[in-house]
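*Asks:* Before I ask anything, here is the structure I am working with.
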Amino acid sequence: METIIVILTVTSVLFLYLSLMPENRLEKILVPIKKESLLNQAKRLGKVFYEKLLHKVKYIAKQEEEMQINLDKLRIDTVSAKEIVGLQYLAVFLLLAVGVILKTPFVYLVVALVLLVPSSQIKGKWKKKRVRMGRDVLNLAELTAVGVSAGLSPLDSLEKAVVGQKGELYEELHRAIVEIRMGTPAEQALLKVSNVMELQEMYAFIDQLIQAMKTGSRGFSESVKEIVRHLRELRQARIEKQSEEAKAKFTLPIMMFFGAVLAFAWGPLVIGFLNGF
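Counting in the working numbering, the sequence shown runs from -6 upward without gaps.
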């Protein structure tokens, strides 16, 4: 019976992991077969299960909405949140049924993992991407300011700063510039990027850039340099604060560890001493 539980658990988690995997990596792992592959069928099953049974449950619908937002931010289009959430809860129902039949508490731990792992994995990926993009904002702002100082327009300076650069921030801005060249209002396209990133540095830079596009680029370079200086100070203060918090968090486990060692070493002696009276 334990073997059945392990097989069901591994199968459920495997489907969820494969659903999140990029298509190019998936092709290297799976043998190329027809479009109606096992993975596609699993994703379709998850979507149908969500749309038929789960979408009316407010908590699950909110969970799906938040997950889809994060998938969009990550530019993951090989799988939808409906498919992931549907597979999650389908696996949960199957595991609960197995748990009730076999009366095995281990199943409930697996259920918790199936519910928590996919969403936490997606959130973790987005946080890491956000951090990586945040590292490039100040450099981007400085390069754009140099271009404006050289006589280029703010948008041309931004494009020059983006071209040839590698990184997810530059990819996002390249898409925005392409949209602008195709007719999308510059303010709309640029605000979309800053709203996706949700970083103070990007909000400040894009705000100055939009203002320069509207009113002219005079004073733009000086403003950006001042913003960069201020944001560097804020970033340094944030790093120092995180360092202090990390030290505080690290101190408590050490104290607890030494307390446990002392209790283990001296506890029997104290008990023996007390029993002597």
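Idealized CB from N, CA, C, for every residue including glycine.
1. Below 8 Å between beta carbons: does that hold for L192 and G117?
2. Would you call Q201 buried or exposed, if buried means 16 or more other Cβ atoms sit within 10 Å of its Cβ?
3. Return the Cβ separation of A138 and V217 in integer angstroms, given the expectation that the two are a contact with Cβ distance under 8 Å.
4. Considering only the alpha carbon of each residue, which of L32, V78, N63 lies closest to V50?
5. Given a cut-off of 8 Å, decide if A205 and L224 are closer than it, judged by their beta-carbon atoms.
6. Have a look at L89 and L108 and give me their C-alpha separation to the nearest angstrom.
7. Just to confirm before moving on: does the CB-CB distance between G39 and L95 stay below 8 Å?
8. By the 10 Å Cβ neighbour count, where 16 or more other Cβ atoms means buried, how is G209 classified, buried or exposed?
9. Is any heavy atom of the ligand MG found at a distance shorter than 7 Å from the C-beta of R222?
10. Determine the direct distance from the alpha carbon of E57 to that of R222, and round the result to whole angstroms.
11. May I ask you to report which of helix, strand or coil DSSP gives D129?
12. Taking the alpha carbon of A35 as the point to measure from, which residue in L67, L46, S73, L47 has its own alpha carbon closest?
13. What three-state label does DSSP hand A179 in the structure shown?
14. Identify which residue in K159, Y163, A179 has its Cα closest to the Cα of P147.
15. In angstroms, rounded to a whole number, what distance separates the CA positions of L32 and L145?
16. Using only alpha-carbon positions, find the residue among L67, T97, F86 that is nearest to Q114.
17. Taking the alpha-carbon positions, what's the L87 to P98 distance?
18. Can you name the start and end residues of the alpha helix (DSSP H) that P147 belongs to?
19. Determine the extent of the alpha helix (DSSP H) in which T208 is found, giving its start and end residues.
*Replies:* So, to answer that:
1. no
2. buried
3. 4 Å
4. V78
5. no
6. 12 Å
7. no
8. exposed
9. Absence of the ligand MG is noted for the structure shown, with no ligands found whatsoever.
10. 40 Å
11. helix
12. S73
13. helix
14. A179
15. 50 Å
16. L67
17. 14 Å
18. 147 to 155
19. 193 to 208
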